[in-house]
Amino acid sequence: MKRLLAIIVCCFILATGYIAYVIAERQAALQKVARYNEAWTVSQTLAEFMRLEHRLASHGLDPAMVDLEEVRLRLDFMFSRLDTFEQGTLREFIGSDEHHQQVLRTLRTTLEALDRDLMRSEHLDLARHLASLAALDGPMTRLASAAAEFGTSRIDQDQGHLIRLHLIYTALAAGLITCGIALLILLLHHNRLLNKAHKGMRRLTENLQEASDELQAHNHRLTHVAHHDSLTGLPNRIQFRERLDEILDAPGNSRHPIALLFLDLDGFKDVNDTLGHDVGDALLKAVAERLQAALDGSDFVCRLGGDEFAILTSGGEDGRGLDVARRLIEDVGTPYSVNGREIQIGTSIGVAVSDDGVAPDDILKQADLALYEAKASGRGKASLFRPAMFTELQDRKSFETDLREALAKGEMQLHYQPQVSAVSREVEGYEALLRWNHPLRGQVSPALFIPVAEQAGMIHELGDWALRTACHEATTWERPLRIAVNLSPVQFHSKALLANILEALRQSGLDPERLELEITESVLLDASERTLTTLNSLKEIGVNIAMDDFGTGYSSLGKLRSFPFDKLKIDRSFIRDIARQADALSIVTLVIGMAKGLGMTTTAEGVETEEQYQCLRQLGCDQIQGYLFGAAQPSDDLGISRRRPIGQSAAGGALPAAAATPRVA
Ligand code: C2E
Ligand code: CA
Ligand code: CA
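Plus 160 on top of the position in the sequence shown (first one is 1) and you've got the working numbering.
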């Protein structure tokens, strides 16, 4: 392009120079031709006129030397010369002056007269004609010189005009050349600028590309962060929801049902609270890895948050989802080694299978309900969603609402079941057992409402009420009998437990030695520092600790060594068969022997027959509790002698605040 422009501009310069040269040449040529044109014609006419005059004179002197024919020839020449005066610039020259016209008219008249006479040769008057011609010599000569003058002035005029034109043209050409050069310079400059701009653009484009790449990478990172859990690297709740919508919106999803699994870790909170968040985080990572390893590539695992995970797996038919859930419960329940510690947790799983056209929100609710049921039925369980769960949920909700109001409405009561000496059959103490009398539901078993209270977080308030009421009740008895109060494992999650017990003792004025707290083996499941600290603190203040329902839970004799219990309560499932089944007898014999060896007393629960009692007495069991000696009864029906009427504190003053409330049954 640059080269092409340069060539064009060069051609332009050459052409302009060449035109200037041609004009100069033409001007010179014109000058030459024009200089001789009019002047020459008139001078030739003058010469011809002279020749005619001479020939005519010679003929007059010697007709033999110059004949008439020659004169006539000369005359014809003259006529032809005269004709040239009628044309072109000569005509213009003649027309410019009246005198010139007069000379020519006279010449023509004279020549025509001569011609007429020559036609009639006998009448030729030579002298007259010569005189006429001679009279024209002067005017003709002046005409010739005037023609020369006219030509010269005309040439000068033209030349001046041409010079002016040439000057204008030269100036124009010079201007054009200058413009051309300027154009070339401008073009070069422009080109340089364009090159610069082009380079700048390229740099800018590169920068933009870089920025765009960076932005894209940043976007990718952001999208990844927005869609993944930072701790485990698993997809998060947002991605899970997108995936679920995608699967359920896909045409024909009913032909390929999917199972949605909701996982909630059992016991994770304890690990986090007692071993710290670092261990909790490491544990969550390990769980995530196990889940991924247990599933195949087509399954989708995500962490919903906290200790909750969700899994989408194909093929919900034939209970496959439930099979996967059971396998995962086993995998997750295998002990972990974190920071050199062995940790065991479990998981509960709710399973929902996609029906024809089920909405994402609905299947989420279904899996949630199934998980709720799984958790309600104990640790490490899996439940498959059933439509009845919706009504059960409603029932549970109204049950929960009623339970929440039970204390305030005074529907809660404590009943007391005697614990008698196996040797003397004398009452040594009572176990306080909660009763809920609902106006419509009737007597609700604690086996039903305690788990609900535990799940809904109401057990703290309820347990605290039972503790204060039982302590207060015991202070009214004349004999310093022991009062046993049940403590839920959930109550051990509360940091306020120790303070609450101390406060109940302080308010009631009960001797701590008379208070016995019954805890189940599940409290010792992880044997966390805090649990053991609480138990030891209780022991230090003199409170007795009994292990309840021994043999039913996750019995491990090793656990018994982690804390020095005062008492072992042998579960009634063993007592029931003691008189008939040898294995039950063997177990009870073993437990009593072991308890003695560890310095613990034993209480047999659920003793209903004399036979069972006799058997236990012989085995050396210390205490008996069961219908044989009395079911749990309201305090008024205990038939016990009291130090003072119920409603007065040990110090004889007003009732302690908690127990004095109208809630006390
Ligand atoms: P538990 O601590 O094992 O209480 C003993 C249960 O066995 C009581 O059931 C009692 O009525 C029953 N029982 C006593 N003797 C016999 C017998 O000879 N035969 C039969 N078949 N049963 C007998 P209850 O009162 O329904 O309590 C059930 C469970 O509810 C209790 O079991 C305890 O775990 C829980 N519970 C009761 N009150 C409280 C409480 O105040 N706090 C807590 N955390 N749990 C409580
Ligand atoms: Ca108990
Ligand atoms: Ca028990």
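The C-beta atom is built at its ideal place from N, Cα and C for all residues, glycine as well.
In the structure shown, M760 adopts coil according to DSSP, grouped into three states.
Taken in chain order, the unbroken stretches of alpha helix (DSSP H) that lie wholly in the segment 460-515 and span 4 residues or more are 480-493.
Ordered along the chain, residues surrounding ligand 3 are D708, D709, E765 [Cβ under 5 Å from any heavy atom]. For L758, same chain residues with a beta-carbon under 7 Å away, outside a window of 5 residues either side, are L720 in chain order.
Inclusion of N646 in the 7 Å shell around ligand 1 follows from its C-beta lying nearer than that to a non-hydrogen atom of the ligand.
By the neighbour-count definition (other C-beta atoms within 10 Å, threshold 16), M760 is a buried residue. Listed in chain order, the non-local C-beta contacts of S256 below 8 Å within the same chain comprise F310, local neighbours out to five positions each way being set aside.
Taking the Cα of E689 as reference, the smallest distance to any Cα among H378, T434, Y178 is reached at T434. According to DSSP, residue pairing for H575 in a beta bridge involves L593, P794. Between I643 and G702, the C-beta spacing is not below 8 Å.
C-alpha of G466 to C-alpha of D515: approximately 29 Å in a straight line. Counting of Cβ neighbours within 10 angstroms places K541 among the buried residues, the total reaching 16 or more. Across the set R302, L346, R280, A217, the C-alpha of A217 shows the shortest separation from the C-alpha of A291. For E681, the shortest separation between its Cβ and any heavy atom of ligand 2 does not lie below 7 Å. With 16 or more other Cβ atoms inside 10 Å of its own Cβ, P395 counts as buried. Excluding its 5 nearest sequence neighbours in each direction, L404 has C-beta neighbours in its own chain below 8 Å: L420, L472, P520, I523, L524, listed in chain order.
Going by beta carbons, L544 and V518 fall outside the 8 Å limit.
Separation of P672 and L665 (C-alpha to C-alpha, rounded to the nearest whole angstrom) is 7 Å. Beta-bridge analysis with DSSP links G602 to H598.
For V202 and T312, the gap between their C-alpha atoms comes out near 13 Å. Look at E560: its beta carbon is at least 7 Å from all of the heavy atoms in ligand 2.
In this structure, ligand 2 has a non-hydrogen atom nearer than 7 Å to the beta-carbon of E678. Between the beta-carbon of E229 and that of R215 there is about 10 Å, and that puts the pair past the 8 Å contact cut. DSSP assignment within the segment 387-435 yields the following whole beta strand (DSSP E) runs of 3 residues or more, N-terminal first: 418-426. Under the three-state reduction of DSSP output, A307 falls in the helix class. For I705, the secondary structure class from DSSP, reduced to helix, strand or coil, is strand.
Counting other Cβ atoms within 10 Å of its Cβ, H289 reaches 16 or more and is therefore classed as buried. Counting along the chain, the unbroken alpha helix (DSSP H) around A548 starts and ends at 548-566. Annotated as proximal: E571 and H598, with beta-carbon spacing under 8 Å.
Relative to ligand 2, the beta carbon of E591 is positioned inside 7 Å of a heavy atom. Pairing A273 with S240, the inter-Cα distance amounts to about 16 Å.
Across the structure, R381 and D459 are spaced so that their CA atoms are roughly 23 Å apart. Under DSSP, L728 forms a beta bridge with M707, T762.
For I643, the enclosing beta strand (DSSP E) begins and ends at 642-646.
Counting other Cβ atoms within 10 Å of its Cβ, N355 stays below 16 and is therefore classed as exposed. Of the heavy atoms belonging to ligand 1, at least one sits nearer than 7 Å to the Cβ of G623.
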